[in-house]
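In the numbering used here, the protein residues as written are 13 to 591. Beta carbons: idealized from backbone N, C-alpha and C, even for Gly. All of these numbers come straight from a predicted model, not from anything done at the bench. The structure appears right after this line, and notes come after that.
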Amino acid sequence: MIDRKRCGLTLVCLLMLGSLVWTAGPTEACVAPPPEPFCTKALTLAMAGPPTLVLPGGGSFNVPLVLVFKLLDFPPGTGICPLPPYSVDIHVDAICQPTGADGSGDLLGQSISTGFNLLDVSVTVPAGPPRICELRATATLTLGDGMVLTETAESSACLVEAAPDDPAEPRIELEMIGLAGEEIARIHPGDPVTRTYRITNHDPDESFTGNLTVNSVSESRMPGMSGPAPEGTAVVSISDPVQGDNFPFAVAEAPAFLLGGGGDLCIPLTDPHEVDIQEQSLEIVLGPNSATVIQVVSRPWGMCADGSCGRHDLLLSGDFSDKDPGFGCSTFVTAADTSVTPARECDESGEVGEIPMPGNPNLPKLTLTGSPFDTFQPELDIEVAQIALRENGLVVGEVPSSFSERFEDEHGRIQSQWAGDYQTESFFDVFVDITVGPSAGGPPIDTEVVSLSMTGAPTGFERTAPYAMGLTEITDLSGGGLKAFAEVTAQLSAIGIDDLGNRRRLQFQNIQFTKFPDGTGLRGVLTGGLLEAGEGNDLLAVELSMDLRGFLSPEPQGGLIFEDGFESGNVTRWSLSSP
13 MIDRKRCGLT LVCLLMLGSL VWTAGPTEAC VAPPPEPFCT KALTLAMAGP PTLVLPGGGS
73 FNVPLVLVFK LLDFPPGTGI CPLPPYSVDI HVDAICQPTG ADGSGDLLGQ SISTGFNLLD
133 VSVTVPAGPP RICELRATAT LTLGDGMVLT ETAESSACLV EAAPDDPAEP RIELEMIGLA
193 GEEIARIHPG DPVTRTYRIT NHDPDESFTG NLTVNSVSES RMPGMSGPAP EGTAVVSISD
253 PVQGDNFPFA VAEAPAFLLG GGGDLCIPLT DPHEVDIQEQ SLEIVLGPNS ATVIQVVSRP
313 WGMCADGSCG RHDLLLSGDF SDKDPGFGCS TFVTAADTSV TPARECDESG EVGEIPMPGN
373 PNLPKLTLTG SPFDTFQPEL DIEVAQIALR ENGLVVGEVP SSFSERFEDE HGRIQSQWAG
433 DYQTESFFDV FVDITVGPSA GGPPIDTEVV SLSMTGAPTG FERTAPYAMG LTEITDLSGG
493 GLKAFAEVTA QLSAIGIDDL GNRRRLQFQN IQFTKFPDGT GLRGVLTGGL LEAGEGNDLL
553 AVELSMDLRG FLSPEPQGGL IFEDGFESGN VTRWSLSSP
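Listed below in structure tokens is the structure:
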């Protein structure tokens, strides 16, 4: 895959959690059991921060949060996912330095829905000296099936000294300029978002010299789980579950990013696998009663999944000319949301294509539609032309014995199952062919898969959830010579169901993805798949899950990375690597 956040990274892999129990029901002769129903659950929490505050006598301030809660039942309509209502408890601790004046806040029994939930928590702090408080939030969601999900988020609050001639104003102030609620920005993946801050020295006599440091930290990691794990349920993460996805960003003094200021909102989309927290800084010099305006641009990768959240912390630290220290802080959150209309402001901006339910589940054919140009709306058919399984080199079946699918607006999942009598010590090979071509119902276009990258997932997933992204060049044949690019990602995982009903992952020794020489598609070959250890002696079935996701844009987001041979990736959803 290419240069985008796993965040979103990329196509979606909803693996199961640990060993889930499967019970075979009565079947007729020569009829295999259908793919096992299951429910996957994702929870993401991100927290913004208040502007600098003057609270020497103590008091309260509001902290905005975004909570993303997702359920996916598969096959659809099974009813295995817990039903609403859903409610969450959120606790926030304010751990301050210097110590001794910590605070906290709670939001209990808050009703939420699946998708995005914008919330506020009131945090109360006691009287105390100027201090920087680390804000730590924990969300606890108890579901009707007994499973408890927890997720955490961090931010900060700065309680500072007052200006000499106004006890209600901070001596040095860092505040966002904008409307209430803009601390959390929901934007279409691939689009940039700008947040503007004003730094003001309210001291009438002393100047201020310091540094403003801005970072980028992912908040879309693996949620915690406790309580019972009902049959057929799993916990997944929206982004890389281990290290997260730190969105690209840039910071500069205005008018660098303002209209006409000469700055470029379309900041480069760098390596999504960068594990270090990125930081940038500016020197800030302010005379008495003066101010400056700075802007921070943040940008998710185009393949980021809904709910992928990046947190940007701003910390101002320095000294006044009388040698007294001064500081301030704030935080805003960027959340990828495919329901937001794409702005397509940048050359490589685009939109997540719609992947509707295929009409023929035996030969899945998905239509990817997007509008990278106002007058050019290409449609692609992504067809799964082959799904085959071999045991110890012998063909089990070119066509799976049962099949199901689940599709949402932003991605699709295809699941195939081969029922039979297999040995647990066998090795398995999986073969998948995916073709990409013009849709019969769309405008006349020419397509060619021009590049392909592949990689394993993060630590613990390299051999169990490989994925690949093919870059397809699209040419408008109706005139104008316009071109567009589609990035179609596939991620595979395989499960064996043993005679005790345990689900056991297959780990493949060799993984290859190649593009067809004629550019019409790509092939995945996963060989030497070995079953993880377990108590069962035989396998009742082998199950393959394949998730698909597409992004269309006028320019490839990872063009330069493809050219220099870098193999990167973008994954939208991961599962736990161990029970």
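Restricted to the segment 499–573, the beta strand (DSSP E) segments that are unbroken, complete and at least 3 residues in length are 515–519, 522–527, 533–543, 550–565, listed in chain order. In this structure, DSSP gives Q109 an extended state, which the three-state scheme calls strand.
Below 8 Å, too few C-beta pairs join the segment 338–345 and the segment 539–553 to call them touching: fewer than three.
Of the residues assessed, Q435 falls on the exposed side of the cut-off, its CB having fewer than 16 other CB atoms within 10 angstroms. Checking the DSSP bridge columns, you'll see A266 has no partner listed. In the displayed model, I289 falls within coil according to three-state DSSP, outside both helix and strand.
For the 8 Å CB-CB criterion, C321 and T56 form a contact. Leaving aside the five residues that flank T221 on each side, the residues in its chain whose CB is nearer than 6 Å to its CB run, in chain order, V297, G330.
Here the C-alpha atom of S168 lies approximately 16 Å from the C-alpha atom of T346. DSSP places R198 inside the beta strand (DSSP E), whose first and last residues are 196–199. Burial is judged here by how many other beta carbons sit within 10 angstroms of a residue's own beta carbon; T111 has fewer than 16 and is exposed.
If you draw a straight line from the Cα of T154 to the Cα of S351, it comes to about 27 Å.
For G409, same chain residues with a beta-carbon under 8 Å away, outside a window of 5 residues either side, are A400, L401, W430 in chain order. Straight-line spacing of the CA atoms in F528 and L130 works out to 45 Å. In terms of CA proximity to L119, S134 leads the group T476, I107, Q109, S134.
Contact check for A139 against G70 passes: the beta carbons are separated by less than 8 Å. Per DSSP, the beta bridge partners of L131 are L77.
Put simply, of V308, T52, V411, A317 the residue whose alpha carbon is nearest the alpha carbon of F128 is A317.
For A262, the closest C-alpha among the options S465, M237, V205, S230 is that of V205. For E181, the closest alpha carbon among the candidates G202, N213, E194, S463 is that of N213. By DSSP's assignment, F415 forms a beta bridge with S428. In the DSSP assignment, D445 falls within the unbroken beta strand (DSSP E) covering 439–450. Per DSSP, the continuous beta strand (DSSP E) segment holding H324 begins and ends at 321–332. Under the three-state reduction of DSSP output, N258 falls in the coil class, being neither helix nor strand.
About 6 Å separates the beta carbons of Q290 and N227, which is inside the 8 Å limit, making them a contact pair. Comparing alpha-carbon positions, the option among S438, I486, L464, I457 lying closest to N549 turns out to be S438.
The three-state secondary structure of C341, taken from DSSP, is strand. Remark: C-beta atoms of P354 and G454 do not approach each other more closely than 8 Å. The residues C170, V172, P182, E185, L186, G340, in chain order, have a CB closer than 6 Å to that of T64 in the same chain once the five nearest residues on each side in sequence are set aside.
Relative to P179, the option among V364, P68, V411, Q524 whose CA is nearest is P68. Per DSSP, reduced to three states, the secondary structure at H214 is coil, with no helix or strand assignment. At least 8 Å separates the beta-carbon of A477 from that of I509. In the displayed model, P235 falls within coil according to three-state DSSP, outside both helix and strand. Its chain contains A397, Q398, G533, R535 as the residues whose beta carbon lies nearer than 7 Å to that of D445, once the 5 sequence neighbours on both sides are disregarded; these appear in chain order. In the three-state scheme derived from DSSP, where H, G and I count as helix and E and B as strand, P182 is classed as strand.
Distance from the CA of Q524 to the CA of M237, rounded to the nearest whole angstrom, comes to 34 Å.
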